[in-house]
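*Asks:*
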Amino acid sequence: MKNIPFEIIGHIMILRKTEETEIMENFAKTQMKNHHYIRTVLVQVSKIDGKERKRELKFLLGEEEFETTYKEHGNSFLLNPIHTFFSPKLSYERQRIASLVREKERILNFFAGVGPFDIAISTKQHTCEIHSIEINETAYSYLCKNIVLNKCQERIFPYLGDAFVLVPKMFLNKINRVLLPLPLEAEKSLPMAYESLKDKTGIIHWQITNHVQKKQIRKEDVEEKIHKILRNNNIKCNFVIRTTRFIRWIAPRIGHFAVDLHFSN
Ligand SMILES: C[S@@+](CC[C@H](N)C(=O)[O-])C[C@H]1O[C@@H](n2cnc3c(N)ncnc32)[C@H](O)[C@@H]1O
Numbered sequence: 196m197k198n199i200p201f202e203i204i205g206h207i208m209i210l211r212k213t214e215e216t217e218i219m220e221n222f223a224k225t226q227m228k229n230h231h232y233i234r235t236v237l238v239q240v241s242k243i244d245g246k247e248r249k250r251e252l253k254f255l256l257g258e259e260e261f262e263t264t265y266k267e268h269g270n271s272f273l274l275n276p277i278h279t280f281f282s283p284k285l286s287y288e289r290q291r292i293a294s295l296v297r298e299k300e301r302i303l304n305f306f307a308g309v310g311p312f313d314i315a316i317s318t319k320q321h322t323c324e325i326h327s328i329e330i331n332e333t334a335y336s337y338l339c340k341n342i343v344l345n346k347c348q349e350r351i352f353p354y355l356g357d358a359f360v361l362v363p364k365m366f367l368n369k370i371n372r373v374l375l376p377l378p379l380e381a382e383k384s385l386p387m388a389y390e391s392l393k394d395k396t397g398i399i400h401w402q403i404t405n406h407v408q409k410k411q412i413r414k415e416d417v418e419e420k421i422h423k424i425l426r427n428n429n430i431k432c433n434f435v436i437r438t439t440r441f442i443r444w445i446a447p448r449i450g451h452f453a454v455d456l457h458f459s460n
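In terms of the working numbering, the sequence shown opens at residue 196 and continues consecutively.
#1: Residue range of the alpha helix (DSSP H) that R289 falls in?
#2: Apply the 10 Å Cβ neighbour rule to P200 and answer buried if 16 or more other Cβ atoms are within range, or exposed otherwise.
#3: Please report the straight-line C-alpha distance between E258 and I207, rounded to a whole angstrom.
#4: Indicate the three-state DSSP secondary structure (helix, strand or coil) for E202 in the structure shown.
#5: May I ask whether a heavy atom of ligand 1 can be found less than 6 Å away from the beta carbon of F434?
#6: Under 8 Å by Cβ, that's how I've got N341 and V309 pegged, so tell me the actual separation to the nearest angstrom.
#7: Under 7 Å, do E202 and P276 count as touching if we go by C-beta distance?
#8: Mapping the DSSP letters down to three states, classify P353 as helix, strand or coil.
#9: Can you tell me where the alpha helix (DSSP H) with S336 in it begins and where it stops?
#10: Tell me the rounded alpha-carbon separation between F312 and L385.
#11: Closest by CA to L165, which one among K383, L361, F261?
#12: Apply the 10 Å Cβ neighbour rule to R426 and answer buried if 16 or more other Cβ atoms are within range, or exposed otherwise.
#13: Evaluate the contact criterion for the region 341-359 versus the region 316-325: three or more CB pairs, one atom per stretch, below 8 Å.
#14: Give a single yes or no on whether P311 has its beta carbon closer than 6 Å to a heavy atom of ligand 1.
#15: Is there at least one non-hydrogen atom of ligand 1 closer than 6 Å to the beta-carbon of A358?
#16: Would you grab the beta carbon distance between R301 and K197 for me? Rounded to a whole angstrom, and I think it's under 8 Å.
#17: Go through its chain and collect everything with a Cβ distance to H231's Cβ below 8 Å, but skip five positions before and after it.
#18: So, D455 versus R437, is the Cβ gap smaller than 7 Å?
#19: In the DSSP assignment, what residue or residues form a beta bridge with A446?
#20: Between the C-alpha atoms of V407 and H400, what's the straight-line distance to the nearest angstrom?
#21: Hey, which unbroken runs of the alpha helix (DSSP H) at 4 residues or more fall wholly within the region 364-434?
#22: Helix, strand or coil: how does DSSP classify N270 here?
#23: Roughly how many angstroms separate the alpha carbons of G450 and K364, rounded to a whole number?
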């Protein structure tokens, strides 16, 4: 049998459209027989696209139930993959960031989605205050539900809206750590994230994409990219790249990377 790339989110299996429907159905039936928790099969027929990072998913087999609960590291995330972004592949990155957070930090996530990064942090580090912004109404509604589901309502504060509007109004000079999990807006979000840091000091978890041959990015190239963005925004500051990490391939020779930046006075 042909191997078809797939991912599983809760009870939903999502197949990449690589074959004819009959071949896809046979593959899905075998997977459902071997893994009884798969009850719905969807086919991804478009790339992840647009600012809400959604993809077109078509129903193939099983139950027509598209809301699901995904569990990881003791957390549960309720979501509908047709209407919201979610990727199990970011699980390690969520745990990595959560393990870096220290007590009593004030954290801001520009692009929260259904809340997986913020909930991962909040359930590990109970003394932090996390502000989570999301523009997609459906994702925001799941974010609110997930905050309650994971008992984080005293520590995570959700906002429905555009981060580029809300951050200058509410968060300038207030934050210790910023999450920017949206490479599409990497260039635009970095200067504003810097302005939100308290006393121009703190950590920014930046995500970018870059043309690369291997799963590596040169620190000098990232540094140059950052200097250029800061220069274009008239920002003079000190920063150090603490970590660069390959997350995944998003297209042939286009890597998705996490970059941890430490800013100081
Ligand atoms: C790549 S997804 C990441 C979501 C979440 N952090 C995760 O890892 O599952 C980016 C999210 O940012 C949201 N978004 C895009 N532009 C935004 C903006 N200007 N302000 C707030 N949220 C935005 C999208 O709707 C989407 O849910």
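Think of the CB as a built atom: it goes at the ideal place given N, C-alpha and C, for glycine as much as any other residue. Since this is a predicted model, take the numbers as computed values, not measurements.
*Replies:* By the coordinates alone:
#1: 286-295
#2: exposed
#3: 9 Å
#4: strand
#5: no
#6: 6 Å
#7: no
#8: strand
#9: 332-344
#10: 18 Å
#11: The question about residue 165 has no answer, for the chain in this structure spans 196 to 460.
#12: exposed
#13: yes
#14: yes
#15: yes
#16: Their Cβ separation, rounded to whole angstroms, is 50 Å, which puts R301 and K197 out of contact at 8 Å.
#17: none
#18: yes
#19: I449
#20: 20 Å
#21: 381-391, 414-427
#22: strand
#23: 33 Å
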